[in-house]
Amino acid sequence: MAKKLLIVCALLALISSSLFAQYDMKAPLPMDPNIRIGKLANGLTYYLRHNAEPKERASFYIIQNVGAILENDDQNGLAHFLEHMAFNGTKHFPGRKGITNMLEKHGVEFGRNVNAYTAQDETVYNISEVPTTNPGLLDTCLLVLHDWSHYLLLVDEEIDGERGVITEEWRTRRNAGFRIRAQMMPVLMKGSKYAERDVIGDLDIIKNFKYQTLRDYYHKWYRPDLQAIAVVGDFDVDQMEKKVKELFSQIPTPVNPAKRETFTVEPHDEILFVCATDKEVTNSSISVYIKYPETPVAEKNHQYMKNGILQSFFNTMLGQRISELLQKGNPPFINAQAGFGGGLVRGWNVYAISATAKPNEEAGALEAVYRENERVKRFGFTQGELERAKTNMLVGLESAYKQKDKTTSEDYIGEMKSNFLEGEPIVDFDYYYNFAKAIIPTITVEEVSALADQYINRKNMVIIVQGPSEGVKHITKDEAIAVMDKVEKSQLEPYKDQSSEASLITEDLKGSKIIATKKLPQFDAEEWTLENGAKVVFRKADFEKDQVQVTSYSKGGTSLYDVDKLASAMVATQFIGAYGLGDYDAITLRKLLTGKQANSAVSIGGLSESVGGASTPNDFETMMQLIYLRFEKPRFDKEAHEAMMHRNYAAIENAPITPQKIMQDSISMIMSNYSKRNLIFNKEFLDKISLEQIEEIYRDRIKDISDFTFFIVGNIDAETVKPLVEKYLGSVKSYNRKETWVDNKVRGPKGRTEKVIELDLTTPKSTVITNFSKDMKVTIPNNLCLNILRGVLDARYLTNIREKEGGTYGVSVQPGSSREPYESYSMAMSFDCDPDKAEHLKSLIYAEIDKLMKEGPTQEEIDKVTSIMKKNNEQSKPHNAYWMSAIQTYYLRGIDVTDPKNFDNIIDKITPKDVKKFTQKLFKGADVVDILFVPKAK
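Counting the sequence shown from 1 gives a position; my numbering is that position plus 4.
Shown next, in the form of structure tokens:
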């Protein structure tokens, strides 16, 4: 294969050199002509583009070039606070729920479709996936952006009401990762204001700032010259531009506006170091960050675009070398990576080298991953590595080109945002496609390798160690520098690139014929039965132009195994992927599949097993070969198995028992009623895993194709699929087993279960978890009522617990249903809060349920939720995955979800009385698990 790749790439290079000569590398990049960009007299920028993915939908964004970095010291946290206030009353949408109430009537859901975020340098608001069939709604969305630009009300009472919500968001966010970052930033961003602004802000300021302080920030920075409107979707761009100009030109031009300062990071020659620890961190890691300035906007030209391709090749090749270390032997790290990591803060990028170390092996982990970087610096990459990377990138580029019409509006808006905030060019994909096709074959291994010398050095270097605060001796600055000195002075050998020109399958497969065909007109599909008993259901679907998906189903799963084999059964799927396949280990297999967009995977679940894969239409045969090998030639590699075990043991060795681990294990055990089959991931779990058991279980589950039904959906013709199905699936052995799963009687506790569990927390916080479950017949009307009930509860808890009480950042409402091994429904609520308010807020969870059982929901509540459900259902249909799911549901449940009688005809007839009746049926006599996690008394 290596020789073939070299010959092909040499020919491509000859052809491409003349094409490449067309490009002036110093010339600016052309703007995508499909985007309409304008600037109003008041300074506001707008971006517009037509896009029919998804069809009859549009997304509306306002991008503000302001964020936490612009706060005065007495405003620390108020940029984020102001973002919240944008949803609490504007000129045309007064009141706390003015905007969301209006949008949800049209299926535009708060949280999912309507949201915002604040960062250090930007604040962005969005209304996404808005139906374009209602022109008045599009006008209303523009009016919302108009109000977000300049007309927030900022009412005193609403400001006070939001203090509690943000206090609880502060409490929820203040986890181990947050505390680690707080220790890192003053060093990583030494001398910069970026080290002083974490967005969420100072809790004392949030609770006590004066109203005018917030208004001062708002009036100073929310103004049109620092704002952009981005609207993308299935609409007439000329009409939309006319509306944008008319509406947003009304916003006044700022008078004597404050300068929007740009903040930077101070360069440094000294190596900076920080050891950030926390008692809730489970593993140690060591990272080397090398900061370097971002390319100036004026230099973001054709060479800049080529540099991005060079860096992508560099990351891919170095990443594969590090991956090989993980897949063989016993390296001193659990995970590692190195390469160009993108933006650090505005104006600065970073090259990062990092490793999650095994216990007390931080020095060894650093040495191992730093050595691979040094090896590239000295010897570069090999020609074979680059040719494989080129081939894979070109194949990926062709696939992306075929799928370009599936680019979503959010993707386009992401480009617009980067252009407005950072001057990132927006290049039409056709232009990039032709440029990349011309330039990739001309790229030399020397060009890519030279990046190591250019970027891997000690200027602006920061070494960051993270880990537990107890039980581990962390590496010091001097020790880390000594490790790098040692590597740089050591003798190294060049990387030896080994590739294979072998075939996946060498034997001549006889296959078996399709002996029966059954039409499925409701799905425009066919069912084929092969001589060996395998069933295949095929549907051609071209919603995704360059995709074919395969999955399958066979009953049994881990339910068939006793507890002593359960650990091996549970990890078999995860481990088997590391073993390789057929005659090839995982490293060789990856190289063998160069240029192929095909994969396969196995899943062994609790009640079933599956073999499947995905590919492009061109590589469908390769995928079928891989699926054949999953059945007939699985690989059980001892070295790879031991490497997986070493990594898993290292992940838990000396790891502190964190509050998160206690919560996770406690919930799991309580909900299973302490079943012996509910295994906790710990050393005892790992001790029960063996390669022999994994092989035994795998060979038992992934055999006998007559017990599998396969589903194939994608942009490929039946006449292409049939002979390949006959050849590969038809060659898998059958034993005519007819298996099913075993009900091991794992159930939750009956009646009412209440637990109060103390946790040793750094930030005082209670977590409330309440779960209701009931054995009930699972039906389509019940399913719809369950989801309507979820939406109603979600909205009421948002209003009453988050907004009125200021008691939590949010209540999670999770519905559940099960058909196997028994039929049941469940509803779970959970939230974090102030420990002093936990019991009161928990009582509100029950109060809303009691109220719904007595009174039911209002028609308005049902209309809002069903509008969202219908919109989401309709939007999911033009996708291959929808049809794959629909056909599987038909075979497994006997339900045709595409039939209007199973959705549209039912959902429109559901009344408040129906939901009330379902609510009573679910909650009356339900089994209840009530868990309260509280801080341990100090």
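A virtual CB, placed ideally from N, CA and C, is assigned to each residue, including glycine. Just so it is clear, the structure is predicted and the values come from calculations on it, not from any experiment.
Where does M574 land, buried or exposed, given buried means 16+ other C-beta within 10 angstroms?
buried
Report all residues from its chain with a CB closer than 6 Å to the CB of A440; omit the five preceding and five following residues, and keep chain order.
L401
Can you find the residues in the same chain that come closer than 8 Å, C-beta to C-beta, to T49, ignoring five residues on each side of it along the sequence?
I41, G42, K43, Q231, A232, I233 and F424
Where does W152 sit, in a helix, a strand or coil, going by DSSP?
Correct three-state label for W152: helix.
Looking only at its own chain, which residues have a Cβ that is under 7 Å from the Cβ of F937, when we skip the five neighbours before and after it?
M667, I761, L763, S770 and T771
Compare the C-alpha of G167 against each of T136, E200, L218 and T144 and name the closest.
Correcting the residue identity first, residue 167 is Arg in this sequence and not Gly. Answer by Cα proximity: L218.
When you measure from the CB of L570 to every non-hydrogen atom of the ligand SAM, does any distance come out below 8 Å?
In the structure shown, the ligand SAM is absent, as is every other ligand, since no ligand is present at all.
Can you tell which of E162, T171, A280 and L147 has its C-alpha closest to the C-alpha of V184?
For the record, residue 184 in the displayed sequence is Ile; it is not Val. That would be A280, whose Cα lies nearest to the Cα of I184.
What residues are listed by DSSP as bridge partners for H943?
With the chain covering only 5 through 942, there is no way to say anything about residue 943.
Mind checking whether E376 and L330 have CB atoms under 9 Å apart?
no
Let's see if you can read the secondary structure: which residues bound the alpha helix (DSSP H) around A454?
In the DSSP annotation of this structure, the continuous segment of the alpha helix (DSSP H) that includes A454 starts and ends at V449 to Y459.
From the DSSP output, in three-state form, read off F922 for me.
helix
Can you check whether the CB of P916 is closer than 9 Å to the CB of I853?
no
For Y829 and T744, what's the separation of their Cα atoms in angstroms?
23 Å
Return yes when the Cβ of A545 is within less than 9 Å of the Cβ of V729, no when it is not.
no
Would you report the Cα separation of A520 and K539, rounded to the nearest angstrom?
Roughly 10 Å between the two C-alpha positions.
Pop quiz: V945 and E843 are said to be a contact at Cβ under 8 Å. What is the actual Cβ separation, rounded to whole angstroms?
The chain is shown only over 5 to 942; residue 945 falls outside these bounds and no answer can be derived.
Once the 5 residues before and after G427 are set aside, which same chain residues still bring their CB inside 6 Å of it?
V301
So, is T1 buried or exposed, given that buried needs 16 or more other C-beta atoms within 10 angstroms?
Missing from the structure shown is residue 1; the chain here goes from 5 to 942 and no further.
Could you check whether I698 and H645 sit closer than 9 Å to each other, using their CB atoms as the reference points?
yes
Give me the DSSP bridge partner(s) of P335.
In DSSP, P335 forms no bridge with anything.
Looking at A361: is its Cβ nearer than 9 Å to the Cβ of I338?
The answer is yes: Cβ separation under 9 Å.
Judging by CA-CA distance, which residue of E57, Q526 and M321 is the nearest neighbour of K410?
E57
Taking the beta carbon of I684 as the centre, do at least 16 other beta carbons fall within 10 Å, making it buried, or is it exposed?
exposed
Please report the distance separating the alpha-carbon of Y480 from that of E270.
Here the sequence assigns Thr to residue 480, which means Tyr is not the residue at that position. Whole-angstrom Cα-Cα distance: 24 Å.
Considering only the alpha carbon of each residue, which of L630, G898 and D457 lies closest to F383?
D457
Between the C-alpha atoms of I720 and N603, what's the straight-line distance to the nearest angstrom?
17 Å
Return yes when the Cβ of I784 is within less than 9 Å of the Cβ of F1, no when it is not.
Residue 1 falls outside the range modelled here, since the chain spans only 5 to 942, and no answer is possible.
Roughly how many angstroms lie between the CA atoms of A6 and P429, to the nearest whole one?
Because the pLDDT at A6 is just 44, under 50, the model does not fix this residue reliably, and the value given afterwards should be weighed accordingly. Answer to the nearest angstrom: the Cα atoms are 36 Å apart.
Using the DSSP secondary-structure output, state which residues sit across from N603 in a beta bridge.
A618
I need the boundaries of the beta strand (DSSP E) containing H54, first residue and last residue.
Taken as a continuous stretch (DSSP letters only), the beta strand (DSSP E) holding H54 covers T49 to H54.
Quick one: is H478 buried, meaning 16 or more other Cβ sit within 10 Å of its Cβ, or exposed?
buried
For Q187, does the three-state DSSP call read helix, strand or coil?
helix
Suppose you measure from the CA of Q470 to the CA of S494; what does that come to, to the nearest Å?
Q470 and S494: Cα-Cα distance of roughly 27 Å.
Please check the pair Y121 and W152, which I expect to be a contact at CB under 8 Å, by giving their CB distance rounded to whole angstroms.
Wrong, their Cβ atoms sit about 13 Å apart, outside the cutoff.
Spatial neighbours of A17 within its chain, please: C-beta separation below 6 Å, excluding the five flanking residues on both sides.
Low confidence applies here, because A17 scores a pLDDT of 49, under 50, leaving its location unreliable; read the following figure in that light. Closer than 6 Å at the Cβ level, and outside the excluded window around A17, lie P445 and T446.
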